[in-house]
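Encoded as structure tokens, the structure appears first; notes follow it.
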Amino acid sequence: MTDIRIIVNGETRTVPKGTTLASLLPDHPAGATVVLLKPGSVSKEKTSHMRLKTTAGDIVIEVAKGVSFPIGEENAEALRVHFEDKNAAAFGPFAADFVPAVEEHRYSRGDVCLGCGGYDSKTAYLMFCRTEHKADHGAAKDGGVIGKVIFGLGIMNRWKNGDRITKIEQVFSSVDASDAEAVTNLEIEVEDGMQIFSSLTITSEGYTENHEEISTHAAESVDHMLFRMRDGTFDIDRSASTYIRDHAEGKLYVPQELQKPRREGVVTARTAGKGSGAIYIYTSDVQSNKSHTRVGNVTNGIELAKFAEPKQKLAVEVIPPLLDLRGLLLKEAVAEAKARGLRVMADNRDVEGRIVIDQKPPYTLEVLKEGKVSLYTVALDDIIDIRLDYKKAPLTVDLYRRVTGLKRYPVGTMPFLFNVDDEMYLFKPDFAKGVNIIPENCPKEAPPTDALALTNDSRPAQGMAGVRVVKNDEFGPTGEPFSGTNIIGTVLDMEKLEKMKEGSLVYIREVKE
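Just so we're aligned, residue 400 is where the sequence shown starts under our numbering, counting upward by one.
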């Protein structure tokens, strides 16, 4: 049989003709994208970016979609700072073709707009907005924004009268023009000379193979990335010309630990806003951002990220893997820690009957640097197992997992309030003010006695959790009418409820089907 040569994730291999992707990638995650590059030449493709070299430094502008940059590369040296203040710097004048409007517009920091002097477009200016402000820059009726500075925001603050643009150039990116294809069908046969990208490797910020040299300056935010990538996938919910994003876990807290420029291959976690907790992989250079903290670098397979699109799933290997022993039997936790070359100290010797609820140090890089871990446990008999209903109550389940700690760890906690006449057990998870628990999966008839529920926003005691041991045809597991009750799952260890002490912290563990 004829052999062919291919390149798999940068490694040259010789395989028989007719070999399929499935045989090459036996452990590839189901549904994850593979990029195939057929043999061909590499050519340069234009991007939407323009680089402006100035006497104070370089900046890069991302030109708005459908907009042509108003100044040709040959006319760059005619542009000087004509005026500047705290809000904007203007380069020009030059002749342009637009209709000015006598109207104020709101501009954001980094906006680049086309304005003019005396409402005459023959004396146009390229305006760089240094601050968020409202002004009439002699722009067109739509405000005249033609792009945004994505690299070099600090350069804008340095410009003074006399500074000038020395060069304008289109930014190109090298891409393979020879029929790149993203596939999930692993029955495809590979071809001679084909390049195959099936996974990308991310090395954590601060990690080195010499554990004594590990830096823990970003240990907490790195652990967030390791937690998200624990299943070996990156689920793309958004992509742009400079990045791909995974926000599958939803909004989560991440501390700001390392604000640095976001170069090609840099991995960051967002630390503020609705997207906090999202993981970004950058496919080209952009400036640093105060709402992003650097957590790693792609050390192999950046091509996969460059060709990826929204709704695709990528296979990811993170180095090192997450080291979180919480939720394991003590016996399992000790075995895993020793397999990672660690010394282990535990608060109990009953390795068969204890569950790990905490570890010190808490974060992967800290543990690896110290070479040891201390484990804290509770008796298995004191852990209450529950099963949550993601299909019928997805929103309420997500809120409940966040407030109990189950979103991040296999073992969570709930404060136990009291036992009501040996019929109902009530708990009070610590929901933050303003959290909305909308009605969801409200029962129409008496739920079973092992049903776990939360009181929703229709009742004053919103956020109360409860379970009944005696069925009731009028009131749900939290003592509220059915309309005020969200059923979120099932308590599997009902026999353990009577052992709980009022005012104590109860440990719960989620059991998934």
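The C-beta atom is built at its ideal place from N, Cα and C for all residues, glycine as well. Just so we're clear, the structure is a prediction, and the values are computed from it rather than from any experiment.
| query | result |
| --- | --- |
| Roughly how far, in whole angstroms, is the beta-carbon of Tyr606 from the beta-carbon of Ile458, given that I think they are within contact range, below 8 angstroms? | Not confirmed; about 33 angstroms, so no contact. |
| With a threshold of 16 other CB atoms inside 10 Å of the CB of Asp402, please say whether the residue is buried or exposed. | exposed |
| Whose CA, out of Leu436, Arg508, Lys832, lies closest to the CA of Ile549? | Arg508 |
| Buried or exposed for Lys566, going by 16 or more other Cβ atoms inside 10 Å? | exposed |
| What is the rounded straight-line gap between the Cα of Gln711 and the Cα of Gly674? | 19 angstroms |
| Rounded C-beta distance between Met863 and Thr877? I'm assuming under 8 angstroms. | 5 angstroms |
| Rounded to the nearest angstrom, what separates Thr698 and Leu625 at their Cα positions? | 15 angstroms |
| Only counting the same chain, and skipping five residues up and downstream in sequence, which positions put a Cβ closer than 8 angstroms to that of Glu611? | Lys768 |
| Between Leu420, Val869, Leu896, Asp780, which has its C-alpha nearest Leu585's C-alpha? | Leu420 |
| Since Ile701 is in the alpha helix (DSSP H), which residue starts that stretch and which ends it? | 701-706 |
| For a quick check, are the C-beta atoms of Val905 and Thr776 less than 8 angstroms apart? | no |
| Taking Met628 as the reference, which of Ile545, Ser603, Cys512 has the closest Cα? | Ser603 |
| I'd like to know whether the C-beta atoms of Val511 and Leu525 end up nearer to each other than 8 angstroms. | yes |
| Within 10 angstroms of the Cβ of Lys705, are there 16 or more other Cβ atoms? Answer buried if so, exposed if not. | buried |
| Can you grab the Cα-Cα spacing for the pair Phe633 / Ala431, in whole Å? | 9 angstroms |
| From the DSSP output, which residues share a beta bridge with Cys841? | DSSP, once it has assigned bridges, lists no residue as partnering Cys841. |
| Quick one, which of Tyr824, Ala738, Lys843 has its alpha-carbon nearest Met893's? | Tyr824 |
| If you scan the segment 787-824 from start to end, which runs of the beta strand (DSSP E) of 3 or more residues do you find wholly inside it? | 810-819 |
| What residues in its chain sit with their C-beta under 7 angstroms from that of Ala778, if we drop five residues either side in the sequence? | Gly752, Arg753 |
| Just confirm the distance between the C-beta atoms of Val766 and Leu722, as a whole number of angstroms; I'd bet it's less than 8 angstroms. | 5 angstroms |
| Just how far apart, CA to CA, sit Pro425 and Leu599? | 16 angstroms |
| What does the Cβ neighbour count give for Pro492, buried or exposed, with the cut at 16 atoms within 10 Å? | buried |
| For Ile836 versus Leu787, is the C-beta spacing smaller than 8 angstroms? | no |
| I'd like to confirm the pairing. Which residues does DSSP put opposite Ala488 in its beta bridges? | Glu483, Phe527 |
| Does Gly883 come out as helix, strand or coil in the three-state DSSP assignment? | helix |
| What does DSSP give as the partner residue(s) for Leu904 in the beta ladder? | Pro814 |
| What residue from Ser690, Ile470, Glu735, His448 has the CA that sits closest to Ala463's CA? | His448 |
| Count the other C-beta atoms from every protein chain shown that fall within 10 angstroms of the C-beta of Arg669, then say buried if there are 16 or more, exposed otherwise. | buried |
| With 16 other CB atoms within 10 Å as the buried threshold, where does Val582 fall? | exposed |
| Note down, in chain order, each residue of its chain lying with its Cβ closer than 6 angstroms to the Cβ of Asp645, except the 5 sequence neighbours on either side. | Phe633, Asp634, Ile678 |
| Does the segment 864-883 come close enough to the segment 845-855 to have 3 or more Cβ pairs within less than 8 angstroms? | yes |
| Under three-state DSSP, which class holds Arg858? | coil |
| Looking at Ala494 and Lys521, is the spacing between their C-beta atoms short of 8 angstroms? | yes |
| Between which residues of its own chain and Val498 is the CB-CB distance below 8 angstroms, once the five residues before and five after are set aside? | Ser520, Ala539, Lys540 |
| Does Lys771 come out as helix, strand or coil in the three-state DSSP assignment? | strand |
| Do you know whose CA, among Val866, Glu873, Gly514, Asp746, lies nearest Leu896's CA? | Val866 |
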